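To start, the structure under review is shown below, and the notes come after it.
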Amino acid sequence: MLFHDGAEELAISQLARVQVGPYYTNTRDGLILAQKLLNQERKDMRQIIMITDGKPSCLTLEDGRMYKNAFGLDPLVISRTLEEVNRCKKQGILINTFMLASDYGLVNFVQKVTELCRGKAYFTTPYTLGQYLLMDYMNRKTRTIH
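Residue numbering for the sequence shown follows this note's numbering, beginning at 162 and increasing consecutively.
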């Protein structure tokens, strides 16, 4: 699945050809689509593995319009995204995040998502994929993995 201004299902064979575009990041729509897909499967272990820069910057409003704000962490976008994270938690869906940025605000957002869903966050950059910081709220431990 791919999320940008919206969210769309993506075949695994297309994944290697995905490019970053002039898009916003609609994390909320991504979580909504992921829940829909997971609810169709009804497996014992349901989880979302999210690879992102961590910055939700838009959402689809109830009337279908797009609300976009690429400057900072918009309180409306963050609150609606965290509401969706809570829906995942209530359905027993684990969210594990690979975050490709180190901005303080973005790190805090990913930490909040991780804490709410009791998942894991892997902090890395496109240049240091071999090393990342693992935050495991299930065990309340932080460690560096090389």
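Just so it is clear, CB atoms sit at the ideal spot from N, CA and C, and this is done for glycine as well. This one's a predicted model, so the numbers in the text were calculated from it and none came from an experiment.
In this structure, what does DSSP give as the bridge partners for L163?
E169
Ordered along the chain, which non-local residues of its own chain (more than five positions away) have a Cβ less than 8 Å from that of M370?
Since the first residue shown for the chain is 162 and the last is 307, residue 370 is missing from the structure and cannot be characterised.
Could you tell me the distance, in whole angstroms, from the CA atom of F164 to the CA atom of T188?
7 Å
For A262 and V181, the rounded distance between their alpha carbons
15 Å
N200 to A282 span [Cα, whole Å]:
23 Å
Quickly, what does DSSP pair Y228 with across the bridge? List them, please.
L220
Report the partner residues of M211 according to the DSSP bridge assignment.
T258
State buried or exposed for Y288, treating a residue as buried only when at least 16 other CB atoms are found within 10 Å of its CB.
The residue is exposed, with fewer than 16 neighbouring Cβ atoms inside 10 Å.
Work out the CA separation of A231 and Q272 for me, nearest whole Å.
Straight-line spacing of the CA atoms in Q272 and A231 works out to 20 Å.
What do you get for M227, buried or exposed, if any count of 16 or more other CB atoms within 10 angstroms of its CB means buried?
exposed
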